[in-house]
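**Q**
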Amino acid sequence: MVGRALVEYCVSLGDCVTALAREQLDIAEESAVSDAFEVAEPDVVFNCAAYTNVDACETEIDRAFRVNARGPEVLARKAREARAALITISTDYVFDGAKSGFYDQRDDPAPLSVYGSSKREGEIRALTAYARTSVIRSGWIFGLGGTNFLSRAVEIGTTNSEVSAICDSYGNPTYAWDLARRMREIAVGMSPESIMSRIPGTVLLSKDLFENRCN
Ligand SMILES: NC(=O)c1ccc[n+]([C@@H]2O[C@H](COP(=O)([O-])OP(=O)(O)OC[C@H]3O[C@@H](n4cnc5c(N)ncnc54)[C@H](OP(=O)(O)O)[C@@H]3O)[C@@H](O)[C@H]2O)c1
């Protein structure tokens, strides 16, 4: 979902974009990532790939850590070699929810779930592997493509005569397109010059089988 929005946004600004779906690149596979970097020669790498099925992560622990922890680490190592900035998305699941009020960067992570733990591990590994890594902790993302809390709410609301909903969970609904715009802004700010108006090469890892190179 986020990958799709990011590709569309960057392409709309004339960026040269290489987007790779899981079938084209497994982010935890080091040699495949090396090959992808060689072809794309990115200046910025956005990691939108993750194992996002929160419930399934509880039983598929190896897969969760392989994709959500090893994946960002491999990307960070390759980004360092390529001198490309890395922006990787994490989640509010790294927190335990015990705080009243909104979390910020100064709060200590204390994940309660396998998904949250694997994403936290991914943050640590990527930041340790490469200083030019930015971690974005987002949450409650909605947009086109895929299932999200809003699409589920609409689906349930139109098919069920009664709707049961949780009432003790709080978050900031985040439109995927807005997140994409902010990610690109951060990428521009991370460039050595910090004034570049265009990203000549970008690797985007997303659901959508999409490859577009432009000048
Ligand atoms: N959606 C939310 O509300 C939310 C909230 C907080 C944080 N986030 C984070 O935001 C990021 C984007 O989320 P999203 O909602 O856009 O997720 P999404 O729609 O589920 O997209 C994730 C993509 O990663 C791919 N993927 C899975 N394993 C991979 C692998 N080993 N190598 C390469 N690609 C792989 C998936 O492919 P397949 O579909 O083929 O498996 C899917 O295309 C993730 O880091 C997620 O943890 C999302």
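Just so we're aligned: 921 in this note's numbering is position 13 of the sequence shown, and the numbers increase by one with no gaps anywhere. Backbone N, C-alpha and C fix where the C-beta goes; we use that ideal spot for every residue, glycine too.
1. Confirm the yes/no value for this check: CB of Ile935, any heavy atom of ligand 1, distance under 7 Å.
2. Output needed for Ala972: all residues of its chain with C-beta closer than 7 Å, excluding positions within five of it in sequence on either side, in chain order.
3. Which residue wins for smallest C-alpha separation from Phe859, given the options Gly922, Gly1079, Ala990?
4. State the Cα-Cα distance for the pair Ala936 and Gly1030, rounded to the nearest angstrom.
5. Any heavy atom of ligand 1 closer than 7 Å to the CB of Arg930?
6. Kindly indicate which residue of Ile1094, Ala1061, Asp1000 has the alpha-carbon position closest to the one of Ser1042.
7. Using alpha carbons as the reference points, say which of Thr1067, Gly1065, Phe1050, Ile1032 lies closest to Asn976.
8. Closest to Ala927 by CA distance: which of Ala944, Ser939, Leu921, Thr1067 is it?
9. Quick test of your reading: Leu983 and Val941, contact by CB under 8 Å. State the CB separation rounded to the nearest angstrom.
**A** Taking the coordinates as given:
1. Checking the Cβ of Ile935 against ligand 1 gives yes.
2. Excluding residues within five positions, the ones whose Cβ falls inside 7 Å are Tyr959, Cys965, Val1022, Tyr1023, Ser1026.
3. The structure shown has nothing for residue 859, since the chain only spans 909 to 1123.
4. 11 Å
5. Within the cutoff, so yes.
6. Ile1094
7. Ile1032
8. Ala944
9. 6 Å
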